[in-house]
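Participant: If you scroll down you'll find the structure; I have some questions about it.
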Amino acid sequence: MFLLFRSLLLLYPTTYRAKFAGEMLSVLTDRRADLQHRPVRHILFFARESGGLVLGALREHLRQFRVPQQFPSFTNRRSFMRSDFRFPKSTVTLMTLILLCIIVAIEKAESIQRSIAATNPGTSVDNFSIVGTLFSLLLLVAAIALIVWAVLFAFRRTGLHRLERLDFSKAPRPKATLTN
Amino acid sequence: MPLHDMSQGDPMASSPISEPVFFILLSLVSQPRHGYAILQETERMSDGRVRLSTGTLYGALHRLLEDKWIERFAEKETARGKQSYRLTSLGRRNLQAEASRLKHLAQVANRLIRTEA
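Top to bottom, those sequences are chains A and B. Using my numbering, the letters of the first sequence map in sequence onto residues 1 to 180. Using my numbering, the letters of the second sequence map in sequence onto residues 1001 to 1117.
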């Protein structure tokens, strides 16, 4: 059970994990010690804690995308990319897991659709597939996100965002040269 | 006193805090506690209604730490050197403000219910 908890903790961002992982495992150990030898309690504990860890990891990753208040955001019609932003490896794992879940769900939905059509030959299954539409929508959103990210990345590479932070008042003035 | 927004730490912003966070802060009023003690106290105070998972607890603690409502320190007495949490003066002020807000809400609700009855 703790092997799974340890694995789920790997889904958290590195900085968060370095700060809290040991403590979280200690709390999980204490909580499990509280459980008596009742299988139902163990199952509930396992389900609640696993769910909490997965959702917690997702929440922490989403928080990383939040723009801090002291910098201008998109609402101010100015683009901003965090200078310390790194795409953590655990995010890739989490996103892959989510993608796998979506694919499995789509497969399941399609098999249900096929079984309905096979068992009830009279009923016609519409050609319109909600799964297909959702998948197309997902692809569209992903494409838009990619374009936005590419634009922001291009801005960052050009160093355009640094121009706003320049304070020309503190810059040394060129010495006036005496000319005849 | 306006309630500080947890997400931004902006003293001008005003937003109610969630029930679990309210209980977490309440559990730290009388004394500093470590994670497991916070969970136990939260459950005890809410009569078993609020049962936080470890992931949820540490998510909330992380946020509260970032907004300086609580602070973290290593306990010297325990062998394992557990990390404990205590309220800061900012956290105490905000908790007091939230309690006042809830009291006012309850007063208004009670008054209206009595009038309607």
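Each residue gets a CB set at the ideal place from its N, CA and C atoms; glycine is no exception. Keep in mind it's a predicted model, so treat the numbers as computed, not measured.
Is any beta-carbon of chain B found at less than 8 Å from that of R41 of chain A?
Facilitator: What you label residue 41 of chain A is simply residue 41 of the first sequence in a count that begins at 1. Not one chain B Cβ lies under 8 Å of R41 of chain A.
Participant: I think R1129 of chain B touches L1028 of chain B, with their Cβ atoms under 8 Å apart; what is that distance to the nearest whole Å?
Facilitator: No information on residue 1129 of chain B is available, as it lies outside the stretch 1001 to 1117 that chain B covers here.
Participant: Would you say M24 of chain A faces chain B, with C-beta separation under 8 Å as the test?
Facilitator: Here residue 24 of chain A corresponds to residue number 24 of the first sequence, with the count starting at 1. Answer yes: the Cβ-Cβ gap between M24 of chain A and chain B drops below 8 Å somewhere.
Participant: Would you kindly work out how many angstroms separate the C-alpha atoms of Y12 of chain A and A18 of chain A, rounded to a whole number?
Facilitator: As a first step, residue 12 of chain A is located in the first sequence; it is residue number 12 there, counting from the start. As a first step, residue 18 of chain A is located in the first sequence; it is residue number 18 there, counting from the start. Approximately 10 Å, taken between the alpha carbons.
Participant: Show which residues of chain B have a CB atom less than 7 Å away from the CB atom of R32 of chain A.
Facilitator: On the first sequence, residue 32 of chain A is found 32 positions in, with the first residue counted as 1. Here the premise fails: no neighbours, minimum Cβ distance about 11 Å.
Participant: Determine the chain B residues that contact F46 of chain A at a beta-carbon separation under 9 Å, and present them in chain order.
Facilitator: Your numbering for residue 46 of chain A matches position 46 in the first sequence. Under the 9 Å cutoff, chain B gives no residues; its nearest Cβ is about 11 Å from F46 of chain A.
Participant: Does Y1085 of chain B come within less than 8 Å of chain A when only Cβ atoms are used?
Facilitator: Within the second sequence, residue 1085 of chain B is the residue found at index 85, counting from 1. For Y1085 of chain B, the answer is no, since every Cβ of chain A falls outside 8 Å of its Cβ.
Participant: Considering Cα atoms alone, identify which of B:Q1083, B:P1020 and B:A1117 is closest to G1048 of chain B.
Facilitator: Reading the second sequence from its first residue, position 48 is the one you call residue 1048 of chain B. Checking every option, the nearest Cα to that of G1048 of chain B belongs to B:P1020.
Participant: Assess, as a yes-or-no matter, whether the segment 38 to 50 of chain A is touched by the segment 1030 to 1044 of chain B under the definition of 3 or more beta carbon pairs within less than 8 Å.
Facilitator: Result no; under three Cβ-Cβ pairs closer than 8 Å.
Participant: Going by alpha carbons, who is nearest to W1069 of chain B out of B:N1094, B:Q1031 and B:Y1058?
Facilitator: Counting from one through the second sequence, the residue named residue 1069 of chain B turns up at place 69. Closest option to W1069 of chain B, Cα to Cα, is B:N1094.
Participant: Could you run through the segment 52 to 65 of chain A and flag, in chain order, every residue whose CB is less than 9 Å away from some CB of chain B?
Facilitator: Listed in sequence order: G52, L53, V54, L55, G56, A57, R59, E60 and R63.
Participant: Kindly identify the DSSP beta-bridge partner or partners of E1019 of chain B.
Facilitator: By one-based count along the second sequence, residue 1019 of chain B stands at place 19. E1019 of chain B pairs with nothing; no bridge assigned.
Participant: I think I106 of chain A touches F135 of chain A, with their Cβ atoms under 8 Å apart; what is that distance to the nearest whole Å?
Facilitator: Within the first sequence, the letter at position 106 stands for residue 106 of chain A. Within the first sequence, the letter at position 135 stands for residue 135 of chain A. So it is a contact: roughly 7 Å between Cβ atoms.
Participant: Can the beta-carbon of T1054 of chain B be found less than 8 Å from the beta-carbon of M24 of chain A?
Facilitator: Within the second sequence, numbered from 1, the residue matching residue 1054 of chain B stands at position 54. Within the first sequence, numbered from 1, the residue matching residue 24 of chain A stands at position 24. Result yes, Cβ atoms of T1054 of chain B and M24 of chain A sit closer than 8 Å.
Participant: Just to confirm before moving on: does the CB-CB distance between L28 of chain A and F46 of chain A stay below 8 Å?
Facilitator: Here residue 28 of chain A refers to the residue found at position 28 of the first sequence. Here residue 46 of chain A refers to the residue found at position 46 of the first sequence. It is not a contact, given that the beta carbons lie outside the stated cut-off.
Participant: Excluding the five sequence neighbours on either side, which residues of its own chain have a C-beta within less than 6 Å of the C-beta of E110 of chain A, listed in chain order?
Facilitator: By 1-based counting over the first sequence, the position of residue 110 of chain A is 110. Cβ neighbours of E110 of chain A beyond the five flanking positions: none.
Participant: When the Cα atoms are used, what is the spatial distance from F153 of chain A to I144 of chain A?
Facilitator: Mapped onto the first sequence, residue 153 of chain A falls at position 153. Mapped onto the first sequence, residue 144 of chain A falls at position 144. So the alpha carbons of these two residues sit roughly 14 Å apart.
Participant: Locate the alpha helix (DSSP H) running through R31 of chain A, then write down its first and last residues.
Facilitator: One-based indexing of the first sequence puts residue 31 of chain A at position 31. Where R31 of chain A is concerned, the enclosing alpha helix (DSSP H) stretches over T14 to D34.
Participant: Of the residues A:H37, A:T133, A:L55 and A:L9, which one's Cα is nearest the Cα of I98 of chain A?
Facilitator: As a first step, residue 98 of chain A is located in the first sequence; it is residue number 98 there, counting from the start. The option with the nearest alpha carbon to I98 of chain A is A:L55.
Participant: On the criterion of 16 or more Cβ atoms from any shown chain inside 10 Å, does D34 of chain A qualify as buried, or is it exposed?
Facilitator: As a working note, residue 34 of chain A is residue 34 in the first sequence. Exposed is the call here.
Participant: Contact criterion: CB-CB distance below 8 Å. Does Y16 of chain A meet it with respect to chain B?
Facilitator: The sequence position of residue 16 of chain A within the first sequence is 16, counting from 1. So, interface residue.
Participant: Going by other Cβ atoms of all chains shown within 10 Å of its Cβ, with 16 needed for buried, is S1084 of chain B buried or exposed?
Facilitator: Taking the second sequence and counting its residues from 1, the one referred to as residue 1084 of chain B is at position 84. Classification of S1084 of chain B: buried, given that the 10 Å Cβ count is 16 or more.
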